[in-house]
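When we follow my numbering, the leftmost residue of the sequence shown carries the number 111, and every step to the right adds one. Structure, as structure tokens:
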Amino acid sequence: MDLLHDFIKKRKHLIWYVKDYDKLNAEAIVEATLNYGDWDDVQKLIKILGIKRMAKIFVKQAAQKRCNYKAQTKHYFGLYF
Numbered sequence: 111m112d113l114l115h116d117f118i119k120k121r122k123h124l125i126w127y128v129k130d131y132d133k134l135n136a137e138a139i140v141e142a143t144l145n146y147g148d149w150d151d152v153q154k155l156i157k158i159l160g161i162k163r164m165a166k167i168f169v170k171q172a173a174q175k176r177c178n179y180k181a182q183t184k185h186y187f188g189l190y191f
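Written out as structure tokens, the structure reads:
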């Protein structure tokens, strides 16, 4: 998890509303990165988590009745994963 927390600490602009980045779970970091990150951020996160784990997190979140993904983000990564 240290790599994951180091990743988000370097990109505080992705999750500006949080004060303690060490308490964030992988799901919150994936959501913030897919919604607000650029392509390089997404690729770096895939290298940290692995594409299978990241896809699993995204699919689970996107399938919920209420999710926080923007419509275009949900559509794009629905095709990507």
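For glycine and all other residues, C-beta sits at the position ideal for the given N, C-alpha and C. Predicted model only: the values in this text are computed from it and were never measured.
Whole-angstrom distance between residue j and residue i, CA atom to CA atom
{"i": "Asp150", "j": "Glu141", "result": "15 Å"}
{"i": "Leu170", "j": "Leu113", "result": "Before going on, a small fix: residue 170 reads as Lys here, not Leu. The straight-line gap from Cα to Cα measures roughly 23 Å."}
{"i": "Lys129", "j": "Ile139", "result": "14 Å"}
Spatial neighbours of residue i in its chain, beta-carbon cut-off 8 Å, leaving aside the 5 residues before and after
{"i": "Asp132", "result": "His115"}
Assigned secondary structure, residue i (DSSP; H/G/I helix, E/B strand, else coil)
{"i": "Lys120", "result": "coil"}
{"i": "Arg176", "result": "coil"}
{"i": "Asn135", "result": "coil"}
Sub-8 Å separation of residue i and residue j beta-carbons
{"i": "Ile158", "j": "Glu137", "result": "no"}
{"i": "Phe117", "j": "Leu155", "result": "yes"}
{"i": "Ala172", "j": "Lys184", "result": "yes"}
Unbroken alpha helix (DSSP H) run spanning residue i, endpoints
{"i": "Leu155", "result": "149–159"}
Residues near residue i by beta carbon distance below 6 Å, same chain, minus five either side
{"i": "Cys177", "result": "Gln171"}
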